[in-house]
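Structure, as structure tokens:
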Amino acid sequence: MARPPLRSGIIGTGFMGRVHTRAVRSTGGIVVAYAGRDLERTREAAQEENVPLALTADELVAHPDVDIVHICTPNAQHLPLALAAIAAGKHVVCEKPLALTAEDALLLESAARDAFVVTAVPFIYRFYPTVREARARITATGERIWLAHGHYLQDWLSDQSTYNWRVTDEGSRAFADIGVHWCDLFEFTTGHRIERLLAQKSRLHETRHSDDGEVPVSTEDGVTMMFQTDRGATGSVVISQATPGRKNRLWLSLDGETRSYAFDQENPNDLWVGATHDASILPKGLETLHHDAARAYVTVPSGHPQGYQDCFSLFMRDVHATIEGRPVDGLPTFSDGVRAARLTEAVIASSDSGQWVDVAPVRE
Ligand code: SOE
Numbered sequence: 001m002a003r004p005p006l007r008s009g010i011i012g013t014g015f016m017g018r019v020h021t022r023a024v025r026s027t028g029g030i031v032v033a034y035a036g037r038d039l040e041r042t043r044e045a046a047q048e049e050n051v052p053l054a055l056t057a058d059e060l061v062a063h064p065d066v067d068i069v070h071i072c073t074p075n076a077q078h079l080p081l082a083l084a085a086i087a088a089g090k091h092v093v094c095e096k097p098l099a100l101t102a103e104d105a106l107l108l109e110s111a112a113r114d115a116f117v118v119t120a121v122p123f124i125y126r127f128y129p130t131v132r133e134a135r136a137r138i139t140a141t142g143e144r145i146w147l148a149h150g151h152y153l154q155d156w157l158s159d160q161s162t163y164n165w166r167v168t169d170e171g172s173r174a175f176a177d178i179g180v181h182w183c184d185l186f187e188f189t190t191g192h193r194i195e196r197l198l199a200q201k202s203r204l205h206e207t208r209h210s211d212d213g214e215v216p217v218s219t220e221d222g223v224t225m226m227f228q229t230d231r232g233a234t235g236s237v238v239i240s241q242a243t244p245g246r247k248n249r250l251w252l253s254l255d256g257e258t259r260s261y262a263f264d265q266e267n268p269n270d271l272w273v274g275a276t277h278d279a280s281i282l283p284k285g286l287e288t289l290h291h292d293a294a295r296a297y298v299t300v301p302s303g304h305p306q307g308y309q310d311c312f313s314l315f316m317r318d319v320h321a322t323i324e325g326r327p328v329d330g331l332p333t334f335s336d337g338v339r340a341a342r343l344t345e346a347v348i349a350s351s352d353s354g355q356w357v358d359v360a361p362v363r364e
């Protein structure tokens, strides 16, 4: 007997709210309601996206026709909205960062566990087929990853005139927003855990032009970080939201004893596989694009998911499967949101002290 479609209510109708809308619909779900602080704008968004209800956040989390609450608001609202949704017995998909502090993220994780609701945080880069291929190979071969490096670069905050609620958040901005993506992808793909790190936050602009004039900025535009893992690897990563020309370039190199793997989000359908002597590796599952003595590119055959929105759809597919009791592999949950908050805490502490800092476990 066909299950009734799962029904989502989305709080926050900006860019991410629309991405969530498309992802829900792509997996057979229904978006029954939008909510936001400005009811008029919420009504307009609901009309644009053909969503039947435009509500306040309180009405949405309590609405009997909503099974899953999606939180796509500025970060400071994540905690109260997620707590209200959990209290109403709703499953929750909350944008990252889950909360502004690890303590708040832990509060959400335990509240959700006690309420037996499904939770998810969109670390969606886990869903690229090439990432899954690298993870499968490293797992299957037992490759000892001894070195990891890369970056995650954007440029949407390069201009001093660009002002965004993220700029005045407390604590961290660039790392809390996208540095956590890189770390999640590294740990997901290799199984390593970053145990210690040395980080330096930096800013391109000390002030930014807001509607109220020039305001000082306390959050970072970039982070440079070194780290050590629980399995003896070391690594480095550069995070920036002010690198002209880099729109959304996450690059991750995983260097093993016999193979190295590189994922490039500007070319997400090819997985670079390097070998010292012989890369004539014929991958199963993904077609070999070409290979020579030192490297191969395995590519995603046509018809496979290709990009950012596709990854969101695969993520939402796994949220729905989990709610319906079907097994999935690697759904990022509130526990991963806590992990990200712990890493962010350590980056802030290290940057403030100039010292190496241990990363606290998810649950102390
Ligand atoms: C802005 O930096 C942003 O939208 C992030 O918030 C997302 O998590 C990332 O996937 C794309 O860039």
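Residue numbers (the UniProt record's numbering): 1 to 364. Each residue gets a CB set at the ideal place from its N, CA and C atoms; glycine is no exception.
Per DSSP, what kind of secondary structure is G256 in: helix, strand or coil? coil
Could you tell me the alpha carbon to alpha carbon distance between P64 and P5, rounded to whole angstroms? 14 Å
Mind pulling the beta strand (DSSP E) runs of 3 or more residues that sit fully within the UniProt domain "GFO/IDH/MocA-like oxidoreductase" (144-258)? 147-153, 194-202, 207-210, 213-216, 222-229, 234-240, 249-255
What's the gap between the Cα of R41 and the Cα of N269? 37 Å
Using only alpha-carbon positions, find the residue among E44, T27, A2, S26 that is nearest to G12. E44
Integer-rounded CB distance, given that E195 should sit under 8 Å from D230: 5 Å
Would you say L153 and T224 are within 7 Å of each other, going by their C-beta atoms? no
Option nearest T62 by Cα separation, candidates K201, M316, A85: It should be pointed out that residue 62 corresponds to Ala in this sequence rather than to Thr. It is A85.
If distances are taken between C-alpha atoms only, which option among L204, S350, G274 comes closest to G171? S350
Contact check, G9 vs L83, beta carbons under 7 Å: no
Measure from the alpha carbon of A174 to the alpha carbon of each residue in F186, A199, G191, T190, then state which is nearest. A199
Does the Cβ-Cβ distance between A46 and A57 come in under 7 Å? no
Nearest to H181 (by Cα), restricted to the options I30, N248, H209: N248
Short of 6 Å in beta carbon distance, which residues of its chain neighbour S26, apart from the five on each side in sequence? Order them along the chain. S313
Take the Cβ of P80 as the centre, count every other Cβ of all protein chains shown within 10 Å, and call the residue buried at 16 or more, exposed below. exposed
Tell me G29's beta-bridge partners as DSSP assigns them. Bridge partners of G29: none, in fact.
So, for D336: in the same chain, excluding its five sequence neighbours on each side, which residues have a beta-carbon less than 8 Å away from its beta-carbon? V121, F123, D184
Residue nearest to D255 in terms of C-alpha spacing, selected from V69, E143, P129: E143
Mind checking who G354 pairs with in its DSSP beta bridge? Answer is none; G354 lacks a bridge partner.
E48: which of V66, R18, I68 sits nearest, CA to CA? R18
For A341 and residue 384, the rounded distance between their alpha carbons: Since the first residue shown for the chain is 1 and the last is 364, residue 384 is missing from the structure and cannot be characterised.
Could you tell me how far apart the beta carbons of S202 and D221 are, in whole angstroms, since I believe they sit closer than 8 Å? 7 Å
Residue range of the unbroken alpha helix (DSSP H) whose run includes I138: 129-141
What residue range does the alpha helix (DSSP H) around A102 cover? 102-114
Look at T322 and V118 and say whether their C-beta atoms are less than 7 Å apart. yes
So, A134 versus Y261, is the Cβ gap smaller than 7 Å? yes
Nearest chain D C-beta to A341 closer than 7 Å, yes or no? Reference to chain D is not applicable here, since this structure consists of a single protein chain.
Buried or exposed: where does D358 fall if 16 or more other Cβ atoms within 10 Å of its Cβ makes it buried? exposed
If you count every other CB in all the chains shown that lies within 10 Å of the CB of T344, and 16 or more means buried, which is it? buried
Between the alpha carbons of D159 and P74, how many angstroms are there, rounded? 21 Å
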